[in-house]
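Accompanying notes for the structure given below.
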Amino acid sequence: MIRIFACLLLAGGLAACGTVTRGTEEQVSFHSNPDGAKAQTTLGLACTTPCTLDIPRKKTFQVTMTKEGYEAQTVDVKTEVSGGGAAGVAGNVLLGGVIGVGVDMATGAALNHAPNPVFVDFEAPENTSKPPKQPEVKPYEPKGPQPIQTPVS
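Take the sequence shown: its letters are residues 3 to 155, numbered as in the numbering used here.
Below, the structure written as structure tokens:
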């Protein structure tokens, strides 16, 4: 009976483990305007845009993109705890997988790279790897006649 319980606990801990469900690497995409730029990372990986590289989740790095006729652009790529990674850590805690929490943090399975995708705009460098502008949120204003509200006693 103890063996069955131990197996179930182990299986539940592994199911919640971010290292198992998310892996220790993440695909980071690199794009440029115009396409065809060389993307060289400080991790020693390189590709020609548009492209994708598998990067260890816990590694921060810089990528320098170069294209003939344009000034080179460098972007810092950081790591941050992701929603899915936080859920995996929470699952480990709930199922008693304290060891799994340590493993996820040590392997980086709870992390994502930001920005991802990495974008360099050689024609407008001020737009390089900036998140898209969010629309202004306006408060809700009902249109048309409104029902009369009577106080409840």
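Every residue gets a Cβ at the ideal spot worked out from N, C-alpha and C, and that includes glycine.
In this text the structure is predicted, and so the values were computed from the model without any measurement.
Item	Value
Three-state class that DSSP yields for Asn118 in the structure shown	coil
Opening and closing residue of the beta strand (DSSP E) in which Ala41 lies	40–43
Local Cβ density within 10 Å of Thr51, reported as buried at 16 or more and exposed below that	buried
Thr81 versus Pro141: straight-line alpha-carbon distance, rounded	34 Å
Bridge-paired residues (DSSP) for Glu28	Ile57
Under the three-state DSSP convention, the category Glu82 falls into	strand
Supposed contact pair Thr26 and Ala111 - C-beta distance, whole angstroms, cut 8 Å	6 Å
Residues bridged to Ala48 (per DSSP)	Gln42
Residue range of the unbroken beta strand (DSSP E) whose run includes Thr68	63–68
Asn35 - partner residues in DSSP beta bridges	Asp123
Those residues which DSSP pairs with Val154 across a bridge	Partner(s): none; Val154 has no beta bridge.
Short Cβ contact (8 Å threshold) for Val79 with Val122	no
Spatial distance of Tyr72 from Pro58 (CA atoms)	30 Å
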